[in-house]
Amino acid sequence: SIVSSEMKLLSVVVGLFAAIAVSGFAPTPLGVRTSVATRMAATEELYIDEERRFVMNLIVLGSAAVTVGGLAVPFIMFFVPPGAGGGGGGSTAKDALGNDIVAAEYLASKPAGDRSLAQGLKGDATYLIVKEDKSLESYGLNAVCTHLGCVVPWSPAANKFQCPCHGSQYSPEGAVVRGPAPLPLALAHCDVDEAGKIVFSPWTEDDFRTGGKGWWN
């Protein structure tokens, strides 16, 4: 009877191992396979969607950068020093796009009394002045306010330069009319070279507005 009991126990154990072995190699139920396939497809689709979204974002950002860059160039160029100046310490005047300014073309497009910005010495924003007889004034005015360095716009209506930052005002020749600016706008010689282009060069003489040495020298 003891042998019979042991044989029954052995039979049960063998049966259990057989069941486990069969279940390990049994085919996956259709429902489970379908669920796994669905999850894999969803994951792949999500990856593709994110990839497309990334590409679209690059396209949108690139387009925006080109647009903003195109609008900003005319303003930025006034403050970027040109690559090379003229001889003898001079520098060819350039427009907002970095093109050399030809005197005849410039004067033909501007009214008498006009004061418009150009790139001057060291790339500083500098006013070209058109005289009443439509000729070019022999000096240009650096547009940087002597108070805290703002670029001072010209007001034709007020016939003076008026700084929007702290209220400083300058005469049409750049002399201080109202503070807090302590000094006049810096001067630069303005000439036309043999090629007909406008050229700025350093003003080293006395300041004709004050009678003394120019503070920028």
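Using the numbering used here, you'd call the opening residue of the sequence shown number 13 and step up by one each time.
The beta-carbon is built from N, C-alpha and C at its ideal position, and this holds for glycine as well.
Under 7 Å between C-beta atoms of residue 158 and residue 193: The answer is yes: Cβ separation under 7 Å.
Residue from 134, 161, 219 and 169 whose Cα sits closest to the Cα of residue 126: 169
Strand pairing of residue 188, partner residues [DSSP]: Bridge partners of residue 188: 182.
Sheet register partners of residue 202 (DSSP bridge): 212
C-beta atoms of residue 103 and residue 129 nearer than 7 Å: no
C-beta contact flag for residue 195 and residue 151 at 7 Å: No. Outside cutoff.
Burial state of residue 100 (16 or more Cβ within 10 Å): Low confidence applies to residue 100: its pLDDT is 48, below 50, so where it sits in the model is not reliable enough to give any reading.
Reference residue 106, options 209, 222, 228 and 180, closest by Cα: 209
Where the alpha helix (DSSP H) containing residue 119 begins and where it ends: Taken as a continuous stretch (DSSP letters only), the alpha helix (DSSP H) holding residue 119 covers 115-121.
N-terminal and C-terminal residue of the beta strand (DSSP E) that residue 154 is part of: Per DSSP, residue 154 belongs to the beta strand (DSSP E) from 151-154.
Distance CB(residue 197)-CB(residue 229) smaller than 7 Å: no
Burial state of residue 138 (16 or more Cβ within 10 Å): buried
Own chain, CB closer than 6 Å to residue 173, minus 5 neighbours either side, in chain order: 164, 166 and 182
Spatial distance of residue 222 from residue 215 (CA atoms): 14 Å
For residue 130: DSSP bridge partner residues: DSSP, once it has assigned bridges, lists 138 as partnering residue 130.
Own chain partners of residue 145 with C-beta closer than 8 Å, once the 5 adjacent residues on each side are dropped: The residues are 124.
For residue 213, the nearest candidate out of 140, 117, 122 and 201 (CA to CA): 201
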